[in-house]
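Encoded as structure tokens, the structure appears first; notes follow it.
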Amino acid sequence: MLKIENLHVSYGGIRALRGISMEVPEGKIVTLIGANGAGKSTTLRTISGLVKADSGSITYDGQELLGQPIYKILEKGIAMVPEGRRVFTNLTVLENLKIGAYLRNDKAQIEKDLDWVYDLFPRLKERSWQAGGTLSGGEQQMLAVARALMCKPKLIMMDEPSLGLAPLVVKDIFEIIRQINAQGVTVLLIEQNANMALKIADFAYVLETGSIGLSGTGRELLVNEDVKKAYLGS
Amino acid sequence: MNVLKTTLPYIISGISVGGQYALIAIGYTMVYGILRLINFAHGDVFMVAGLMMVYLAASLPLYLAIPLVILLTVLLGFTIERVAYKPLRTAPRMSVMISAIGVSYLLQNLALYITGGLNKNYPQIPWISDRISIFGMETSRVTVITPFLTIILVIVLVQLINHTKIGMAMRAVSRDFETSQLMGIQINRVISATFIIGTFLAAVGSILFFTNYPGVVPTSGAMPGLKAFVAAVFGGIGSIPGAVIGAFIIGVAESVIKGLDTILVVNGVISEQIGLATFSDAFTFVLLIIILVFKPTGLFGEKSTDKV
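Chains A and B supply the protein sequences, listed in that same order.
Counting in our numbering, the first sequence runs from 1 upward without gaps.
Counting in our numbering, the second sequence runs from 235 upward without gaps.
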């Protein structure tokens, strides 16, 4: 579905990605783990079009994504949940969701999808008229995920969804990721919480200062000694 | 009673001037809200709108000249943004501000070149320039129309911002460029729309404003532009209702101060005119200093509570 080949990206004068190659097969959960500054966020930002690449290629269903404007990439069905949630604090919960469907014009279907995300996140329905800024951190994360779902993505990319959340809420978030995936949405997940991420991932890549170090199924990496030492803290 | 009777005409004309300031102030506040840029060229766009009216009305009937002036002003605002601000989107904010100051001087000097610095008589617009009398005061009809037209335009604008898709996009972009882009919003379009709305209102404001004045000179935009800017700061820059209320307050205060001598003499407080009217402009700027010192966010400005 999504295929990255020999991708090089410089970011603020630093060579953030030094020729990474990876693949996200349709219907799977793929995770990218690694330390701070390894280039995880840069990878997602390059896919979504926020950051320009130096060389390499990113293809989605065979079409090249590099060089396309951000909205075109979104139109193809690749949505992103940005790091730090980035909910529009001045918009209501409902408006946040509607803006997720900004590129769509099928009003009736948007209404149905609203019901769908409200079913996934009942808490958001209760708060639909509240300003996004009044939600708790966990609720804002839910809203950020729901907002991305409102564009009906085929592939959803999440940048550190568990960052700064209480352990119980983190569990909820991972449960939601599993549910979304079960409904046929492919997931590309970036996490520092390697333990949780590897547990739900079908496939995982370890990013080390701009290059892919290890890769394998989530289960394989969970028991890998190097990964254990570096990322699982045992 | 007598105090009220002598003050009322000044209040009415102040409300009218306030409405004209409001129409300019909205352009400042909207552009600031979205780009965090004080568009110094805005007052000069207002002046150019006045000049265009002078030249177009000389060769065209008014029913063509007025819409054409509005259209060309909007086009000017749009072009300024595309040429002078858009290329600097990722540059430091100071660079954009300097670019805005450059555009301001460019427009003034172009006007100077075209007019030769001479006062150009603003055309008489029938009906709205007509003299009427209210509350025993002789004035032109535009004085009465202005506040109502302003309020109608503001209501329409607020509806647009709160209840349409483009309005929602404007609010989103004003908060977070990057995330807005991730939602598929093309921010350059939204920014253009903001400039179009702002210059449209300034064009309408210029027609109302210059109708009450003898003519247009290349620096005609400076004072009203500055006052409207103060109004926007007073109301809390970024807030539309704030800018409008700020503009009305400044307009009324200024007009009452202009008439203060007369009011005081008529009511027997002082025996002869002492030239208080001179202070009407000073009042506006003293107000600016007081606000910046005591309440920098203005009446309705949002406190910066961005979570980290």
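We put the CB at the ideal spot given by N, CA and C, even for glycine.
- Message: By the three-class DSSP mapping on this structure, what secondary structure does Leu165 (chain A) have?
- Response: Walking along the first sequence from the start, residue 165 (chain A) turns up at place 165. Coil at Leu165 (chain A), not helix or strand.
- Would you give the residue range spanned by the beta strand (DSSP E) that Thr217 (chain A) belongs to? By one-based count along the first sequence, residue 217 (chain A) stands at place 217. Boundaries cannot be given for Thr217 (chain A), as no beta strand (DSSP E) includes it and DSSP labels it neither H nor E.
- Distance CB(Leu296 (chain B))-CB(Pro381 (chain B)) smaller than 9 Å: Position 62 of the second sequence, counted from the first residue, corresponds to residue 296 (chain B). Position 147 of the second sequence, counted from the first residue, corresponds to residue 381 (chain B). It is not a contact, given that the beta carbons lie outside the stated cut-off.
- Query: Looking at Leu214 (chain A) and Asp226 (chain A), is the spacing between their C-beta atoms short of 9 Å?
  - Reply: Reading the first sequence from its first residue, position 226 is the one you call residue 226 (chain A). Reading the first sequence from its first residue, position 214 is the one you call residue 214 (chain A). Yes, these two residues count as a Cβ contact at 9 Å.
- Query: Taking one C-beta from the segment 260–275 of chain B and one from the segment 423–441 of chain B each time, how about it: are there three or more such pairs within less than 8 Å?
  - Reply: Yes, the segment 260–275 of chain B is in contact with the segment 423–441 of chain B.
- Proximity winner among A:Gly39, A:Met1, A:Glu26, relative to Ser10 (chain A) (alpha-carbon distances): As a working note, residue 10 (chain A) is residue 10 in the first sequence. For Ser10 (chain A), the closest C-alpha among the options A:Gly39, A:Met1, A:Glu26 is that of A:Gly39.
- Message: To test your reading of the DSSP string, which unbroken beta strand (DSSP E) runs of 3 or more residues are found completely within the segment 45–121 of chain A?
- Response: Taking 3 residues as the minimum length, the beta strand (DSSP E) runs contained wholly in the segment 45–121 of chain A are 55–60, 78–81, in order along the chain.
- Return no unless some Cβ of chain B is closer than 9 Å to the Cβ of Pro82 (chain A). The sequence position of residue 82 (chain A) within the first sequence is 82, counting from 1. Closer than 9 Å: yes.
- Within-9 Å CB hit, Arg127 (chain A) to chain B: Against the first sequence, residue 127 (chain A) aligns to sequence position 127. With 9 Å as the cut-off, Arg127 (chain A) does not count as an interface residue toward chain B.
- Query: For Met1 (chain A), is the classification buried or exposed, using 16 other Cβ atoms within 10 angstroms of its Cβ as the cut-off for buried?
  - Reply: Taking the first sequence and counting its residues from 1, one reaches residue 1 (chain A) at position 1. That one is buried.
- Considering Tyr11 (chain A), what are the terminal residues of the beta strand (DSSP E) in which it resides? Start at 1 with the first residue of the first sequence, and residue 11 (chain A) comes out as number 11. Element bounds for Tyr11 (chain A): 2–11.
- Does Gly469 (chain B) get closer than 9 Å to chain A when you measure Cβ to Cβ? For the purposes of this step, residue 469 (chain B) is identified with residue 235 of the second sequence, where counting begins at 1. No Cβ of chain A is located within less than 9 Å of the beta carbon of Gly469 (chain B).
- In its own chain, which residues sit with a C-beta less than 6 Å from the C-beta of Ala256 (chain B), not counting the 5 before and 5 after it? Here residue 256 (chain B) refers to the residue found at position 22 when the second sequence is read from its first residue. Within the same chain, Ala256 (chain B) has close Cβ partners Thr384, Val478, Ala481.
- Assign Gly233 (chain A) to one of three DSSP states: helix, strand, or coil. Residue mapping note: residue 233 (chain A) aligns to position 233 of the first sequence, counting from 1. In the displayed model, Gly233 (chain A) falls within coil according to three-state DSSP, outside both helix and strand.
- Message: Strictly by DSSP, which residues pair up with Asn578 (chain B)?
- Response: Because residue 578 (chain B) is not part of the residues shown, which for chain B are 235 to 542, the question remains open.
- What are the complete alpha helix (DSSP H) segments, minimum 4 residues, inside the segment 378–414 of chain B? Counting only runs of 4 or more residues that sit fully inside the segment 378–414 of chain B, the alpha helix (DSSP H) segments are 399–409, in chain order.
- Message: Quick check on the burial criterion: 16 or more other C-beta atoms within 10 angstroms. Buried or exposed for Met22 (chain A)?
- Response: Counted from its first residue, the first sequence places residue 22 (chain A) at position 22. Classification for Met22 (chain A): buried.
- Task: Pick out whichever of B:Phe517, B:Ile523, B:Leu238 has its Cα sitting closest to the Cα of Gly370 (chain B).
- Result: Counting from one through the second sequence, the residue named residue 370 (chain B) turns up at place 136. The option with the nearest alpha carbon to Gly370 (chain B) is B:Leu238.
- Measure how close the beta-carbons of Val87 (chain A) and Ala35 (chain A) come, nearest whole angstrom, since I'm counting them as under 8 Å. Here residue 87 (chain A) corresponds to residue number 87 of the first sequence, with the count starting at 1. Here residue 35 (chain A) corresponds to residue number 35 of the first sequence, with the count starting at 1. For a cut-off of 8 Å, the C-beta gap from Val87 (chain A) to Ala35 (chain A) is around 27 Å, too long to register as a contact.
- Item | Chain-ordered residues of the segment 411–425 of chain B with a beta carbon less than 9 Å from chain A | Per Cβ criterion, the list reads Glu412, Thr413, Ser414, Gln415, Leu416, Met417, Gly418, Ile419, Gln420.
- Query: Got a sec, what are the start and stop residues for the beta strand (DSSP E) Leu374 (chain B) sits in?
  - Reply: Position 140 of the second sequence holds residue 374 (chain B). With the sequence shown as reference, residue 374 (chain B) is identified as Ser, and Leu is not the correct amino acid for it. Residues 371–374.
- Query: When DSSP builds the beta bridges, which residues end up paired with Ile14 (chain A)?
  - Reply: Walking along the first sequence from the start, residue 14 (chain A) turns up at place 14. Bridge partners of Ile14 (chain A): A:Tyr11.
- Item | Rounded distance between the beta-carbons of Leu189 (chain A) and Ile177 (chain A), thought under 8 Å | Locating residue 177 (chain A) in the first sequence gives position 177, where the first residue counts as 1. Locating residue 189 (chain A) in the first sequence gives position 189, where the first residue counts as 1. Confirmed, about 7 Å.
- Buried or exposed: where does Thr241 (chain B) fall if 16 or more other Cβ atoms within 10 Å of its Cβ makes it buried? Start at 1 with the first residue of the second sequence, and residue 241 (chain B) comes out as number 7. The residue is buried, with at least 16 neighbouring Cβ atoms inside 10 Å.
- Message: Is there a C-beta anywhere in chain A that falls below 9 Å from the one on Ala516 (chain B)?
- Response: Here residue 516 (chain B) corresponds to residue number 282 of the second sequence, with the count starting at 1. Not one chain A Cβ lies under 9 Å of Ala516 (chain B).
- Go ahead and label Thr313 (chain B) buried or exposed: buried means 16 or more other beta carbons lie within 10 angstroms of its beta carbon, across all protein chains shown. The residue you call residue 313 (chain B) lines up with position 79 of the second sequence. In summary, Thr313 (chain B) is exposed, with fewer than 16 beta-carbon neighbours lying within 10 Å of its beta-carbon over all protein chains present.
- Message: Please identify the residue among B:Phe444, B:Val251, B:Val464, B:Phe463 whose C-alpha is closest to the C-alpha of Asn353 (chain B).
- Response: Sequence index remark: in the second sequence, residue 353 (chain B) carries index 119 (1-based). Ranking B:Phe444, B:Val251, B:Val464, B:Phe463 by CA distance to the CA of Asn353 (chain B) puts B:Phe444 first.
- Mind checking if Ile47 (chain A) is an interface residue toward chain B, Cβ cutoff 9 Å exclusive? Residue 47 (chain A) sits at position 47 when you count from the first residue of the first sequence. No, Ile47 (chain A) does not count as interfacial toward chain B.
- Which runs of the alpha helix (DSSP H) fall wholly inside the segment 470–511 of chain B and span at least 4 residues, in chain order? Entirely contained in the segment 470–511 of chain B, the alpha helix (DSSP H) runs reaching 4 residues are, in chain order, 474–492, 494–500.
- Grouping DSSP H, G and I as helix and E and B as strand, with all else coil, what is Val308 (chain B)? Working through the second sequence from its first residue, we reach residue 308 (chain B) at position 74. Three-state result, Val308 (chain B): helix.
- Query: Would a check of beta-carbon distances place Arg405 (chain B) closer than 9 Å to chain A?
  - Reply: Here residue 405 (chain B) refers to the residue found at position 171 of the second sequence. Closer than 9 Å to some Cβ of chain A, the Cβ of Arg405 (chain B) qualifies, so yes.
- Query: Using a Cβ-Cβ distance under 9 Å, would Ala131 (chain A) count as near chain B?
  - Reply: Here residue 131 (chain A) corresponds to residue number 131 of the first sequence, with the count starting at 1. For Ala131 (chain A), not one C-beta of chain B is nearer than 9 Å to its own C-beta.
- Query: When we look at the beta-carbon of Gln245 (chain A) and count the other beta-carbons within 10 Å, is it buried (16 or more) or exposed?
  - Reply: Any answer about residue 245 (chain A) is impossible in this case: the structure gives chain A only from 1 up to 234.
- Who pairs with Ala204 (chain A) in a beta bridge, going by DSSP? Position 204 of the first sequence, counted from the start, is the residue given in the question as residue 204 (chain A). Paired residues: A:Thr31, A:Gly216.
- Query: Do Pro452 (chain B) and Thr349 (chain B) come within 9 Å of each other at the CB atom, strictly closer than that value?
  - Reply: Counting from one through the second sequence, the residue named residue 349 (chain B) turns up at place 115. Counting from one through the second sequence, the residue named residue 452 (chain B) turns up at place 218. Result yes, Cβ atoms of Thr349 (chain B) and Pro452 (chain B) sit closer than 9 Å.
- Query: In the DSSP assignment, what residue or residues form a beta bridge with Asp131 (chain A)?
  - Reply: If you number the first sequence from 1, residue 131 (chain A) lands on position 131. Reading the sequence as shown, one finds Ala at residue 131 (chain A) and not Asp. According to DSSP, Ala131 (chain A) bridges with A:Thr92.
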